[in-house]
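Peer 1:
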Amino acid sequence: KILIIDFGSQVTQLIARRVREEGVYSEIVPFQKAEEAFRTMRPKGVILSGGPASVTEQVSPRAPQAIFDAGIPVLGICYGEQTMAAQLGGGVEGGHHREFGRAEIEVKESVPLFEGVWEKGKRYPVWMSHGDRVTHLPPGFEVIAVSDNAPFAAIADTKRDFYAVQFHPEVVHTPDGAKLLRNFVRKIAGLTGDWTMRAFREESIEKIRAQVGKGRVICGLSGGVDSAVAAVLIHEAIGEQLTCVFVDHGLMRLGEATQVVTLFRDHYNIPLVHVNAEEMFLGELAKAGADPEAKRKTIGRLFIDVFEAEAKKIGGADFLAQGTLYPDVIESVSFTGGPSVTIKSHHNVGGLPERMNMKLVEPLRELFKDEVRVLGRELGLPEAFVGRHPFPGPGLAIRCPGEITKEKLDILRLADAIYIEEIRKAGLYDTIWQAFAVLLPVRTVGVMGDARTYESVLALRAVTSTDGMTADFFPFDMAFLGRVATRIINEVRGVNRVVYDVTSKPPGTIEWE
Ligand code: XMP
1 KILIIDFGSQ VTQLIARRVR EEGVYSEIVP FQKAEEAFRT MRPKGVILSG
51 GPASVTEQVS PRAPQAIFDA GIPVLGICYG EQTMAAQLGG GVEGGHHREF
101 GRAEIEVKES VPLFEGVWEK GKRYPVWMSH GDRVTHLPPG FEVIAVSDNA
151 PFAAIADTKR DFYAVQFHPE VVHTPDGAKL LRNFVRKIAG LTGDWTMRAF
201 REESIEKIRA QVGKGRVICG LSGGVDSAVA AVLIHEAIGE QLTCVFVDHG
251 LMRLGEATQV VTLFRDHYNI PLVHVNAEEM FLGELAKAGA DPEAKRKTIG
301 RLFIDVFEAE AKKIGGADFL AQGTLYPDVI ESVSFTGGPS VTIKSHHNVG
351 GLPERMNMKL VEPLRELFKD EVRVLGRELG LPEAFVGRHP FPGPGLAIRC
401 PGEITKEKLD ILRLADAIYI EEIRKAGLYD TIWQAFAVLL PVRTVGVMGD
451 ARTYESVLAL RAVTSTDGMT ADFFPFDMAF LGRVATRIIN EVRGVNRVVY
501 DVTSKPPGTI EWE
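The opening residue of the sequence shown carries number 1 in my numbering; numbering runs sequentially from there.
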């Protein structure tokens with residue numbers, strides 16, 4: 001096992017994910033609880049994450065001293081490097097040489113961390129994000145790599161197996177980062193790497209049973225992969241104690257509701273309550289107006305109302321199950337309560353549990369999307385369902401900037417279906433992380449036949465990503481885009497212009513709202 005001590009970095013879960021990819025089990029604990037976790041877990045290695053604090057402040061988060069005294073390997077990343085250096089007798093200074101984004105480092109020593117990956121004397125790209133830097137070494141340490149702005153970009157005490165790096169090996173922007181982490185868990189900590197998604201499934205089932213006991217669980221299905229996987233996993237753990245509710249809010253894609261109902265009722269024979277709440281959702285959304293957060297909050301609130309009503313019908317539920325993934329947790333501050341800021345209020349982490357005195361069951365909280373797909377296959381979900389692009393809980397409402405009407409949603413649904421059909425025909429569906437149409441609240445002038453038109457603009461979005469946290473726009477060829485535009489304008493009344501979104505994330509987000 002590897003213990004990951006979290007100092008609040010936005011990307012701590014990526015460290016865990018890389019460790020899982022090496023087939024090694026890891027657990028993340030916040031630094032406040034690290035001492036106790038270290039004692040009970042007895043890890044074979046410890047990784048200290050990055051974080052927003054500065055060790056130059058009077059009070060700053062620290063790693064428990066015990067990890068340095070236990071004779072096991074420790075890897076510090078970014079803030080983890082700084083606190084490690086400071087705690088072991090080195091020096092750190094604040095703020096004059098900030099480095100953000102791509103940087104180059106030069107390798108100074110051949111050490112086990114770099115073995116088979118980086119050669120002494122060569123330069124390699126890494127991703128940096130720091131304000132402070134280490135200025136002098138703790139006793140026993142040597143410099144193993146430097147960058148222009150960080151003379152101590154990587155340091156090590158190879159006798160004690162202590163390593164610390166200023167850059168972030170866990171992000172994809174450090175191309176060799178995963179290999180360095182592999183060296184740490186396999187070569188340095190000596191772990192074998194036989195942990196799999198099957199083990200995750202079994203561990204989760206045990207955890208769910210232990211958490212739920214004899215309680216009743218209610219689970220909302222959004223139509224997406226995550227909630228479906230969560231529901232199937234929980235059903236496997238507790239069977240009849242689970243009630244699945246599918247709220248059809250009228251904001252689904254074309255044919256989506258039928259697919260979900262069929263999957264649960266026919267494929268799995270899991271009982272499903274199908275609530276048709278379109279009228280209620282559209283009625284309330286009309287009142288919410290155009291503000292994206294108002295729309296998201298309205299939808300969240302209505303979900304709660306529907307759920308509350310359904311839970312009452314079954315005599316109350318003790319737990320609410322959700323398919324919350326790690327990226328949802330980190331991007332919605334209401335949930336982490338931590339140092340990261342709110343980008344969007346994700347509907348699935350709303351106020352239901354407090355209002356109804358329910359506890360949350362979230363078996364996928366530590367996973368990323370592609371890992372959930374692996375788990376879905378492990379649980380026997382049909383490939384066509386597992387491979388579906390992600391779809392947000394608030395549905396088409398956040399793909400329709402401005403006020404929501406049924407008419408707009410119908411236009412969007414049709415255009416979206418044509419776009420996706422063309423993507424499938426071109427054999428690109430599985431290469432793309434997520435593709436969808438956005439109906440803009442903008443009308444422009446066109447000419448069709450011999451007549452003037454004055455209709456809506458439709459934007460097409462397609463991105464590649466591995467976890468939804470960062471994304472690049474997909475480079476379609478122009479002939480493809482032209483074909484889609486022609487079909488949409490010909491077949492969808494109300495659209496006379498199509499544009500393609502070429503924004504990556506960051507600075508854009510994947511959805512438009
Ligand atoms: P953004 O737009 O934040 O989206 O870059 C990242 C990923 O999350 C999905 N998303 C949501 N999923 N509830 C969800 O279940 C939500 O409220 C929500 N908002 C965004 C989005 O589709 C993308 O895959």
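A virtual CB, placed ideally from N, CA and C, is assigned to each residue, including glycine.
If you measure between the beta carbons of A321 and I398, is that distance less than 7 Å?
Peer 2: No, the pair does not count as a contact, with Cβ atoms beyond the cut-off.
Peer 1: Applying the criterion that 16 or more other CB atoms from any shown protein chain within 10 Å of the CB defines a buried residue, is S9 buried or exposed?
Peer 2: Flag for S9 reads buried.
Peer 1: Of the choices R18, Y419, G449 and E354, whose alpha-carbon is the least far from that of T196?
Peer 2: Per the Cα distances, R18.
Peer 1: For the alpha helix (DSSP H) that E27 lies in, which residues bound it at each end?
Peer 2: Looking at the DSSP string, E27 is not in any alpha helix (DSSP H); the run it does join, the beta strand (DSSP E), is S26 to P30.
Peer 1: Between which two residues does the alpha helix (DSSP H) harbouring D248 extend?
Peer 2: No alpha helix (DSSP H) holds D248; the beta strand (DSSP E) holding it covers L242 to D248.
Peer 1: Taking the DSSP output, what are the residues bridged to S129?
Peer 2: According to DSSP, S129 bridges with F100.
Peer 1: Should A309 go down as buried or exposed, given a rule of 16 or more other Cβ atoms within 10 Å for buried?
Peer 2: Burial call: exposed.
Peer 1: Taking just the CA atoms, how far does I404 sit from R461?
Peer 2: Distance between the alpha carbons of R461 and I404: 20 Å.
Peer 1: Assign L233 to one of three DSSP states: helix, strand, or coil.
Peer 2: Three-state result, L233: helix.
Peer 1: Does at least one heavy atom of the ligand XMP sit under 6 Å from the Cβ of K505?
Peer 2: Yes, the Cβ of K505 comes within 6 Å of a heavy atom of the ligand XMP.
Peer 1: Got a sec, what are the start and stop residues for the beta strand (DSSP E) T12 sits in?
Peer 2: Premise fails: T12 lies in the alpha helix (DSSP H), T12 to E21, not in any beta strand (DSSP E).
Peer 1: Can you tell me whether Q434 sits near the ligand XMP, meaning its C-beta is under 6 Å from at least one heavy atom of the ligand?
Peer 2: Yes, since a heavy atom of the ligand XMP falls inside the 6 Å radius drawn around the Cβ of Q434.
Peer 1: Please classify S456: does DSSP put it in a helix, a strand, or coil?
Peer 2: Strand, per DSSP.
Peer 1: Note down the Cα distance separating F38 from V499, rounded to an integer number of angstroms.
Peer 2: F38 and V499: Cα-Cα distance of roughly 53 Å.
Peer 1: Whole-angstrom Cβ separation of I208 and P363, contact assumed at under 8 Å?
Peer 2: Yes, they are in contact, since the Cβ atoms of I208 and P363 sit about 6 Å apart, within 8 Å.
Peer 1: Would you call the CB atoms of R216 and Q241 closer than 7 Å?
Peer 2: Yes, they are a contact pair.
Peer 1: Is T466 near the ligand XMP - that is, is its Cβ less than 6 Å away from at least one heavy atom of it?
Peer 2: Not so, every heavy atom of the ligand XMP lies at least 6 Å from the Cβ.
Peer 1: With 16 as the cutoff for other CB atoms within 10 Å, does F335 come out buried or exposed?
Peer 2: With a pLDDT of 32 at F335, under the threshold of 50, the predicted position of this residue should be treated as unreliable, and no value is reported.
Peer 1: Would you list the one or two residues that DSSP bridges to F319?
Peer 2: The partner list for F319 (beta bridge, DSSP) reads V217 and K359.
Peer 1: Can you name, in chain order, every residue of its own chain whose Cβ lies under 6 Å from the Cβ of L481, other than the five neighbours on each side?
Peer 2: Cβ neighbours of L481 beyond the five flanking positions: Y500.
Peer 1: I'd like to know whether the C-beta atoms of Y454 and R443 end up nearer to each other than 7 Å.
Peer 2: Yes, Cβ-Cβ distance for Y454 and R443 is below 7 Å.
Peer 1: For a test of the three-state rule: what should DSSP assign to R497, helix, strand or coil?
Peer 2: Three-state result, R497: strand.
Peer 1: Could you tell me which uninterrupted alpha helix (DSSP H) segments, each at least 4 residues in length, are contained entirely in the segment 108-193, listed from first to last along the chain?
Peer 2: Listed in chain order, they are 177-182.
Peer 1: DSSP three-state label for V261, please.
Peer 2: If DSSP states are grouped into helix, strand and coil, V261 belongs with the helices.
Peer 1: For Q514, count neighbouring C-beta atoms within 10 Å of its own C-beta (all shown protein chains included) and say buried if the count is 16 or more, exposed if not.
Peer 2: As shown, the chain starts at 1 and ends at 513. That puts residue 514 outside it, with no answer to give.
Peer 1: Relative to the alpha-carbon of G255, which residue among V172, G224 and I28 has its alpha-carbon at the smallest distance?
Peer 2: The shortest C-alpha separation from G255 is found at G224.
Peer 1: Could you give the residue range of the alpha helix (DSSP H) that holds V492?
Peer 2: Segment: none, V492 is in no alpha helix (DSSP H) and carries neither H nor E.
Peer 1: Using 10 angstroms around the beta-carbon of M478, count the other beta-carbons present and answer buried if the total reaches 16, otherwise exposed.
Peer 2: Answer is exposed; the Cβ neighbour count stays below 16.
Peer 1: What number of angstroms, rounded off, separates the C-alpha of I105 from the C-alpha of V146?
Peer 2: The straight-line gap from Cα to Cα measures roughly 5 Å.
Peer 1: Measuring straight from C-alpha to C-alpha, what distance separates R497 and F385?
Peer 2: So the two alpha carbons sit approximately 31 Å from each other.
Peer 1: Could you pull out every residue in the same chain whose Cβ sits closer than 8 Å to the Cβ of G387, ignoring the five residues on either side in sequence?
Peer 2: Hits under 8 Å: R373, Y429 and D430.
Peer 1: Would you call the CB atoms of G76 and L48 closer than 7 Å?
Peer 2: Yes, these two residues count as a Cβ contact at 7 Å.
Peer 1: Grab the span of the beta strand (DSSP E) containing I510 for me, first residue to last.
Peer 2: Per DSSP, I510 belongs to no beta strand (DSSP E) and is neither H nor E.
Peer 1: Does the ligand XMP have even one heavy atom less than 6 Å from the beta-carbon of G393?
Peer 2: The answer is yes for G393.
Peer 1: Considering only heavy atoms of the ligand XMP, does any lie closer than 6 Å to the CB of P139?
Peer 2: P139 Cβ: outside cutoff for every heavy atom of the ligand XMP.
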